[in-house]
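First to last, the protein sequences are chains A and B. Last residue of the first sequence? That's 350 in the numbering used here, and every number before it is there in order. Last residue of the second sequence? That's 240 in the numbering used here, and every number before it is there in order. Single-structure report; data block below.
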Amino acid sequence: MMKLLNKRNIILILILLAVVFPFINQNQYYLHILTLAFIWTIAVYGLNLLAGFTGYLSLAHGGFFAIGAYGLGLLTVKGGLGFWLSFLLAPLITMAIGLVIGLFALRTKEHFFAIYTLCVGYIIYLVIDKWESLTEGVRGLIGIPAPEPIGPITFTTPIAQYYLTLVIFLLVVLIIYRIVHSLTGRTFIAIRNSEELALSLGISTKKNKLLSFVLSTFFAGLAGAMYAGFIRFIGPEIAYTTITFDLLTYMIVGGIGTLAGPIVGTFLILILSQNLQFLQDYRMLIFGPLLTLLIIFSPRGIVGFILLHYSNWKTKKRMTIPKDQVKEG
Amino acid sequence: MPVLSIMGLTAKYGKYTSIKEVNIEVIKGEIVVLLGANGAGKSTTFKTISGLLKPAAGEIIFNDEQIGGKQPDKIVELGIVQCAEDRKLFPQMSVQQNLMMGAYVHRRNKGQIKQSLKEVNELFPILYDKREDAAGSLSGGQQQMLAIGRALMAKPKLMLLDEPSIGLAPLIVEQMFKSIEHINREGTTILLAEQNANAALSIADKGYVYENGKIVVHGSSAELFSNEEVRKAYIGA
């Protein structure tokens with residue numbers, strides 16, 4: 022049984038489920054929610070790369086998500102560029118802005134970094150909200166085009182959009198996996214562990230922190246652009262700090278600094294929220310205490326909890342086998 | 004020819020002066036020991052050499068190059084590697100991954116890394132046996148070996164070893180000093196900070212004695228051994 026449930030098989034089953042989902046589910050609304058969940062997860066992966074693996078908790082992530090969304094929206098609606106070119110440019114623009122902000126933000130550490138980035142996030146919101154001649158302010162950007170067809174493939178139906186999102190999502194997970202398991206990823210983890218130690222091994226912490234920051238804004242911008250292309254209407258509220266804190270909650274519940282955490286957290290909370298809609302805002306009365314308990318008892322979220330107990334169980338198994346042999350012998 | 008000359012080095016933590024007008028000279032191939040109680044300034048000297056702390060005054064010359072105040076990663080690239088006190092490791096990474104992090108400055112030279120890994124594994128075979136284990140699961144002595152092994156992966160010309168014997172059982176300490184002697188014979192100059200004066204002086208060429216941030220006595224190991232004050236304070240006989 023355990024052999025069937027190894028890591029690779031679980032991943033394959035999950036991908037298979039995601040692929041067949043539109044066929045077994047006829048409810049358009051669920052398809053919509055799932056597509057959104059994939060998009061949010063991409064943004065959470067960006068946050069997790071910086072906060073989880075590098076140890077720098079950025080609270081400007083919602084702002085960068087919005088920059089990606091508005092990047093795509095403005096380039097298509099006002100710039101008249103094609104969808105795919107804009108889709109390529111939006112995350113790059115987000116990265117460029119991220120680079121400039123990162124240069125300043127990374128002069129701070131820990132709480133100061135969190136507070137600094139919180140302010141940056143709010144400023145991004147204010148710029149989007151008040152710069153009406155560019156962003157249309159509170160009226161929002163209307164008429165963002167759907168993805169243009171690639172050859173014979175069109176993206177007008179919800180199912181097509183679902184698959185497009187799924188493909189990009191899987192690519193992102195693969196890229197994140199490769200980053201985390203590369204020397205660059207271990208360098209980030211080294212910085213999270215101890216910056217002084219990383220420095221004394223010859224790691225330029227400045228360069229690597231900036232790299233992590235910029236990569237994280239790339240994924241935020243990518244998710245934002247996908248969101249804008251999917252919803253096709255955006256307003257300044259997507260830059261508001263509540264988005265940042267939503268992303269943060271998904272990451273913490275799933276498991277900060279783990280690879281599966283962003284998926285688990287985002288899907289779990291989004292599905293739970295849907296099922297608890299009848300409670301309206303009183304949902305938070307359930308989420309709040311749950312989140313507090315989770316942080317107290319499992320700081321590395323659900324995935325961290327499972328990993329810890331799985332490794333304990335494995336060591337126990339390893340320790341007990343020789344004991345039995347000794348008894349028999 | 005001195006590999007490292009420190010002249011009039013003063014370093015401060017904020018307003019508090021930690022070391023004052025320290026002069027040290029290390030010749031190529033030597034083992035030089037810094038003796039002194041906790042807080043006497045040994046670790047501060049190390050931090051200033053490795054670039055973690057900017058000097059307030061004085062010069063640090065390494066192979067004819069002024070390195071005082073340079074970025075730590077540049078100093079590692081030049082060939083000075085610090086093996087920090089309290090055996091700082093990356094506890095969640097495996098033993099081998101920890102070693103690989105030590106070779107960070109040679110990350111584009113795969114052949115060299117392979118060679119260094121082989122040398123470290125020969126010096127500390129236990130690290131090879133436990134290569135897949137999490138570094139956090141090692142015993143104190145093994146952690147110290149890993150910390151030294153990781154520093155060796157950078158192929159240092161000068162290695163700064165901060166209290167390698169601290170908190171280890173006497174038998175392990177003896178092994179540790181043998182390993183240090185071996186590393187030195189293989190061509191690495193070593194600057195060693197120790198409280199265990201007896202063991203340290205037995206392998207060192209010369210030593211400097213710190214008191215309250217200043218060097219009060221220095222000389223060859225034999226001189227320090229026979230120095231009345233040093234014996235009383237650090238050797239206890």
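Think of the CB as a built atom: it goes at the ideal place given N, C-alpha and C, for glycine as much as any other residue.
With 9 Å as the threshold, decide whether the Cβ of residue i is near any Cβ in chain B.
i	result
isoleucine 31 of chain A	no
asparagine 69 of chain A	no
tryptophan 334 of chain A	no
leucine 220 of chain A	yes
isoleucine 60 of chain A	no
alanine 10 of chain A	No information on residue 10 of chain A is available, as it lies outside the stretch 22 to 350 that chain A covers here.
arginine 207 of chain A	yes
valine 40 of chain A	no
proline 343 of chain A	Its pLDDT being 46, under 50, proline 343 of chain A is placed unreliably in this model, and the value from its coordinates should be taken loosely. So, not an interface residue.
Round the Cβ separation of residue i and residue j to the nearest angstrom and send it over; I've been treating them as touching at under 8 Å.
i	j	result
alanine 14 of chain B	serine 8 of chain B	16 Å between Cβ atoms; not a contact.
phenylalanine 190 of chain A	phenylalanine 59 of chain A	4 Å
arginine 207 of chain A	methionine 96 of chain B	7 Å
isoleucine 165 of chain A	alanine 111 of chain A	The Cβ separation is near 11 Å, so there is no contact.
phenylalanine 134 of chain A	threonine 186 of chain A	In fact, because the Cβ distance is near 31 Å, the residues do not count as touching under 8 Å.
glutamate 28 of chain B	lysine 217 of chain B	At roughly 16 Å, the Cβ-Cβ gap does not stay under 8 Å, so glutamate 28 of chain B and lysine 217 of chain B are not in contact.
threonine 115 of chain A	phenylalanine 74 of chain A	No, threonine 115 of chain A and phenylalanine 74 of chain A are not in contact; Cβ-Cβ is about 19 Å, not under 8 Å.
isoleucine 129 of chain B	glutamine 145 of chain B	6 Å
leucine 297 of chain A	arginine 304 of chain A	5 Å
leucine 231 of chain A	leucine 124 of chain A	7 Å
Which same chain residues, not among the five before or five after residue i, have their C-beta less than 7 Å away from its C-beta?
i	result
glutamine 74 of chain B	Gly54
tyrosine 271 of chain A	Trp61, Val65, Pro283, Gly286, Thr287 and Ile290
valine 324 of chain A	Gly275, Gly276, Thr279, Ala281, Gly282 and Val285
isoleucine 52 of chain B	Ile63, Ile83 and Leu163
tyrosine 131 of chain B	Asn124
phenylalanine 49 of chain B	Gln85, Leu163, Asp165 and Ala196
proline 159 of chain B	Gly82, Ile83, Val84 and Thr191
Quick one: does residue i have its CB under 9 Å from some CB of chain A?
i	result
glutamate 80 of chain B	yes
alanine 157 of chain B	yes
lysine 91 of chain B	yes
serine 53 of chain B	yes
proline 58 of chain B	no
serine 21 of chain B	no
arginine 153 of chain B	yes
glycine 222 of chain B	no
valine 123 of chain B	no
valine 84 of chain B	yes
Using a Cβ-based criterion (distance less than 8 Å to any ligand heavy atom), does residue i qualify as near the ligand ZN?
i	result
valine 6 of chain B	This structure does not include the ligand ZN; it has no bound ligands of any sort.
Considering only residues of the same chain and omitting the five flanking positions on each side of residue i, which have a CB-CB separation below 6 Å?
i	result
phenylalanine 127 of chain B	Met148 and Gly152
histidine 82 of chain A	Leu68, Ala241, Thr265 and Leu268
glutamate 232 of chain B	none
valine 36 of chain B	Leu195, Glu197, Ala203, Ala207 and Gly210
isoleucine 70 of chain B	Ile63 and Ile78
serine 107 of chain A	Leu93, Leu96 and Thr97
glutamate 135 of chain B	Ser97
Who are the neighbours of residue i on chain A, taking C-beta pairs under 9 Å?
i	result
aspartate 136 of chain B	By Cβ distance, chain A contributes nothing, its closest Cβ being about 11 Å from aspartate 136 of chain B, past 9 Å.
methionine 96 of chain B	Arg207, Ile210, Ala211 and Asn214
Using a C-beta to C-beta distance shorter than 7 Å, which residues of chain B count as neighbours of residue i?
i	result
serine 215 of chain A	Lys91
leucine 204 of chain A	Arg110
What in chain A is Cβ-close to residue i, meaning under 7 Å?
i	result
aspartate 76 of chain B	Leu220, Gly223, Ile224 and Ser225
tyrosine 107 of chain B	Leu222, Gly223 and Ile224
alanine 87 of chain B	Leu218 and Ser221
methionine 148 of chain B	Under the 7 Å cutoff, chain A gives no residues; its nearest Cβ is about 17 Å from methionine 148 of chain B.
arginine 104 of chain B	The amino acid at residue 104 of chain B is misidentified as arginine; the sequence shows methionine. Those are Arg207, Ala211 and Leu222, listed as they occur along chain A.
Residues in the same chain with beta-carbon distance under 8 Å from residue i, minus the five sequence neighbours each way, listed in chain order, please.
i	result
methionine 4 of chain B	Ile30 and Lys31
lysine 335 of chain A	none
proline 257 of chain A	Ala87, Tyr146, Ile149, Asp150, Thr156, Gly158, Val159 and Gly161
glycine 103 of chain A	Thr97 and Glu169
histidine 182 of chain A	Correcting the residue identity first, residue 182 of chain A is glutamine in this sequence and not histidine. Taken in chain order, the residues that qualify are Thr56, Ala167, Pro168, Phe176 and Phe251.
threonine 205 of chain A	Asn229 and Leu232
Counting only Cβ pairs nearer than 8 Å, list the residues of chain B close to residue i.
i	result
leucine 306 of chain A	Those within 8 Å of leucine 306 of chain A in chain B number zero; the least Cβ separation is about 36 Å.
At 8 Å on the CB atoms, spell out the chain A contacts of residue i, in chain order.
i	result
glutamine 100 of chain B	Arg207
Output yes if chain E places a C-beta closer than 9 Å to the C-beta of residue i; else output no.
i	result
lysine 217 of chain B	No chain E appears in this structure, whose protein chains are A and B.
Quiz item: Which runs of the alpha helix (DSSP H), 4 residues or longer, sit entirely within the region 151-226 of chain B?
Solution: 173-188 and 200-206
Quiz item: Counting only runs that start and end within the region 239-273 of chain A, where is the beta strand (DSSP E) found for 3 or more residues in a row?
Solution: For the region 239-273 of chain A, not a single whole beta strand (DSSP E) run of length 3 or above is found.
Practice problem: Mind listing, in chain order, the continuous beta strand (DSSP E) runs of no fewer than 3 residues lying wholly within the region 32-89 of chain B? | Solution: 34-38, 58-65 and 83-86
Quiz item: At which residue ranges does the region 265-315 of chain A contain complete alpha helix (DSSP H) runs of 4 or more residues, listed in the order of the chain?
Solution: DSSP runs (the alpha helix (DSSP H)) wholly in the region 265-315 of chain A: 282-296.
Quiz item: In the region 155-227 of chain A, which residue ranges form an unbroken alpha helix (DSSP H) of at least 4 residues, counting only runs that do not cross its ends?
Solution: 179-201, 204-214 and 216-221
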